[in-house]
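Each remark here refers to the structure printed beneath this line.
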Amino acid sequence: MLQLVTIPCLSDNYAFLVHNADTRETACVDVPEAAPILAALADHDWTLTDILLTHHHPDHIQGVAELVAATGARVTGAAIDAHRLPPLDRAVAPAERFRLCGTEAVVIDVSGHTVGHVAYHLPETAMVFTGDSLMALGCGRLFEGTAPMMWDSLSRLATLPPETTVCSGHEYTASNARFARTIEPSNPALISRIAAIEAARAEGRPTVPSMLGEELETNPFLRAGHAAVKSALGMADAEDAAVFGAIRTAKDRF
1 MLQLVTIPCL
11 SDNYAFLVHN
21 ADTRETACVD
31 VPEAAPILAA
41 LADHDWTLTD
51 ILLTHHHPDH
61 IQGVAELVAA
71 TGARVTGAAI
81 DAHRLPPLDR
91 AVAPAERFRL
101 CGTEAVVIDV
111 SGHTVGHVAY
121 HLPETAMVFT
131 GDSLMALGCG
141 RLFEGTAPMM
151 WDSLSRLATL
161 PPETTVCSGH
171 EYTASNARFA
181 RTIEPSNPAL
191 ISRIAAIEAA
201 RAEGRPTVPS
211 MLGEELETNP
221 FLRAGHAAVK
231 SALGMADAED
241 AAVFGAIRTA
251 KDRF
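Going by UniProt numbering, the first residue of the sequence shown is number 1, and it counts up by one from there.
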C-alpha cells in the first residue's frame with residue numbers, strides 16, 4: 001500500500017509525495033518549490049527517489065533544480081515537452097507504463113491546458129495525478145489547447161474507476177464551486193459538496209485530493225454531456241465538446 005502526502009506550496013499550489021514503505025521509494029509529483037517538499041521528506045524520514053512532472057508551467061517545475069540538488073532524484077516528464085521542462089532522466093509518452101515506487105504507473109495524455117500535459121495513473125492503488133487538467137470541481141484554462149482537445153482529455157480521465165483519488169495541482173475548489181452552482185444550482189450532490197468545501201476551508205483544510213466519483217457527480221466540466229446540463233445552457237442538441245467549450249468560456253468570464 002502506498003502512502004500519499006499532500007503538500008501545500010506557494011499560495012495555492014500542491015505537490016504530492018507517494019511512498020512505498022516496503023521498497024522505501026518515494027516519488028514527488030510536481031515541484032512548485034523545494035522547501036516544503038524537503039521539510040515533508042524530513043518529517044517522515046523518507047528519501048526521495050523520483051520526481052514526476054505533469055507540465056511545463058513554472059509553478060509546477062520551478063523547484064526541480066533545488067530538489068534534485070538536495071536528493072539526486074530521477075526526473076520523469078513528457079518526451080514531447082522535454083524542450084521546456086527541466087532536464088529529464090526519463091522521457092515518457094502517452095500510454096507508456098513504468099514502475100514507480102513498486103507499482104505500475106500509466107502515462108495519460110491530458111493536453112488542453114497545455115499541449116503535452118500528462119497525467120500519471122497508478123491503477124493498483126487507484127490514484128491519478130492530474131496537474132492542471134482535471135481539478136477539484138474544475139479544469140485548467142485552455143492556454144494552448146482547444147476545447148475539443150481538453151474534452152477528449154477529461155473524457156479519458158472520466159473512464160477511470162470512480163473510486164480513483166484525483167490529485168490535482170491547486171486549491172481552487174471554493175471558487176470553482178461558486179461557478180459550478182451557476183450551472184447546476186439544484187444538483188443535490190453539488191449542494192452537499194459545497195457545504196463540505198466551505199467547512200474544510202473555514203478550518204484551513206485542503207479540498208484536494210478528491211474522488212473521481214464525486215467529480216463525475218458535481219464537476220460541470222465533466223458533465224457537459226448530460227442532458228440536464230445541455231438544456232440548462234440552451235444547448236440541448238449541441239455536441240458534448242461544444243457544451244464543454246461554452247462552460248469553459250463562461251468560467252473564464254466568471
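Note that the Cβ used here is the ideal one computed from N, Cα and C, for glycine as well.
{"Asked": "Count the other CB atoms, across all protein chains shown, that sit within 10 Å of the CB of Glu25; report buried if there are 16 or more and exposed otherwise.", "Found": "buried"}
{"Asked": "Please determine, among Arg181, Ala136 and Thr23, the residue with the shortest C-alpha to C-alpha distance to Glu215.", "Found": "Ala136"}
{"Asked": "Can you give me the C-alpha to C-alpha distance between Pro86 and Val64, rounded to a whole angstrom?", "Found": "7 Å"}
{"Asked": "Express the C-alpha separation of Leu88 and Arg178 in angstroms, rounding to a whole number.", "Found": "39 Å"}
{"Asked": "Given a cut-off of 8 Å, decide if Gly102 and Asp22 are closer than it, judged by their beta-carbon atoms.", "Found": "yes"}
{"Asked": "How many Å lie between Thr49 and Pro185 at the Cα?", "Found": "45 Å"}
{"Asked": "If Cys167 and Val29 are in contact, beta carbons under 8 Å, what's the gap, nearest whole angstrom?", "Found": "7 Å"}
{"Asked": "Within the UniProt domain \"Metallo-beta-lactamase\" (12 to 170), note down every full beta strand (DSSP E) run reaching 3 residues or more, in order along the chain.", "Found": "13 to 20, 25 to 29, 50 to 52, 74 to 78, 90 to 92, 97 to 100, 103 to 109, 118 to 122, 127 to 131 and 165 to 168"}
{"Asked": "Using a threshold of 8 Å, state whether the C-beta atoms of Leu53 and Val75 are closer than that.", "Found": "yes"}
{"Asked": "Shortest alpha-carbon distance to Leu41 belongs to which of Leu17, Pro32 and Glu33?", "Found": "Leu17"}
{"Asked": "For Leu216, report the span of its alpha helix (DSSP H) as first-last.", "Found": "Leu212 to Thr218"}
{"Asked": "Using the Cα positions of Lys251 and Met235, report the straight-line distance between them to the nearest angstrom.", "Found": "17 Å"}
{"Asked": "Between the alpha carbons of Ala105 and Val5, how many angstroms are there, rounded?", "Found": "17 Å"}
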